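Read through the structure below, which is laid out as structure tokens, and then see the notes.
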Amino acid sequence: MPQGWCPGKVGGVTPKESIRSPASFIGVHLTVKDMPTAVEFYRRLGLDVDVGAGAGPHLEIDVGSGGHIALSTIELTKSYDPGWRPTNLPPGSVLQFRLDSREAVDALYGDLTAAGYHGHLAPFDAFWGNRYAEVDDPDGNIVGFHSPTDPTKRS
779 MPQGWCPGKV
789 GGVTPKESIR
799 SPASFIGVHL
809 TVKDMPTAVE
819 FYRRLGLDVD
829 VGAGAGPHLE
839 IDVGSGGHIA
849 LSTIELTKSY
859 DPGWRPTNLP
869 PGSVLQFRLD
879 SREAVDALYG
889 DLTAAGYHGH
899 LAPFDAFWGN
909 RYAEVDDPDG
919 NIVGFHSPTD
929 PTKRS
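If you want this note's numbering, it's the position in the sequence shown, counting the first as 1, plus 778.
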């Protein structure tokens, strides 16, 4: 055994001494250039955004199970994080949403692209058994849409 090693100790602290608690996911925070434009996109996506929301510099959209998508203006984000910088686009992360059906994926993709949003990935039958598509939100964040999984469509 290495010198100083003690079973049950992590980083020199026994679990009893630790004040660390398990992390629980609460949401995603996106910094946006134009709050009303971002709010309109997430409304079109089908999220429940209160009428009149988006007039201020910050908004949290409940996505269920205690989670939310938080939107903040660049100015607000820079007010508490002077080192904030925009991400390189396209980002390497994708916000994922489940829709009720394979047809709903096609319909939402069609609605959003017809409204002028950039279609990042047209609907297709993915190897994992979902109908899947991606659209860029107004700030270039990629938003993906999944149908329920159909095991007969897996390849």
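Cβ atoms here follow ideal geometry from the backbone N, Cα and C, with glycine treated the same way.
It should be emphasised that the depicted structure is a prediction, and the values quoted were computed from it without experimental measurement.
- Message: Since residue 920 and residue 860 should fall inside the 8 Å C-beta cutoff, what is the C-beta to C-beta distance between them, to a whole number of angstroms?
- Response: With 8 Å as the limit, residue 920 and residue 860 do not qualify as a contact, their Cβ atoms being about 27 Å apart.
- Taking Cβ to Cβ, would you say residue 849 is nearer than 8 Å to residue 913? no
- Query: residue 836 and residue 874: beta carbons closer than 8 Å?
  - Reply: no
- Item | Sequence-distant residues of the same chain with beta carbon closer than 6 Å to residue 928, five excluded per side | 907
- Using the beta-carbon count (16 or more within 10 Å), is residue 839 buried or exposed? buried
- Message: Tell me which residue opens and which closes the alpha helix (DSSP H) that residue 814 is part of.
- Response: 813 to 822
- Query: Which one of 817, 910, 858 has the shortest CA to CA distance from residue 932?
  - Reply: 910
- Task: For residue 832, collect the residues of the same chain with a Cβ closer than 6 Å to its Cβ; drop the 5 residues on either side in sequence, then sort them by chain order.
- Result: 813, 814, 817
- For residue 819, I'd like the list of residues in its chain whose CB is within less than 6 Å of its CB, leaving aside the five on either flank, ordered along the chain. 915, 916
- Item | Inter-residue spacing [alpha-carbon to alpha-carbon] between residue 803 and residue 845 | 7 Å
- Under a Cβ-count criterion, where at least 16 other Cβ atoms within 10 Å of its own Cβ denotes burial, should residue 797 be classed as buried or exposed? exposed
- Where does residue 857 fall in DSSP's three states? helix
- Query: Closest by CA to residue 855, which one among 834, 883, 891?
  - Reply: 834
- Coil, strand or helix - residue 844 by DSSP: coil
- What number of angstroms, rounded off, separates the C-alpha of residue 896 from the C-alpha of residue 886? 13 Å
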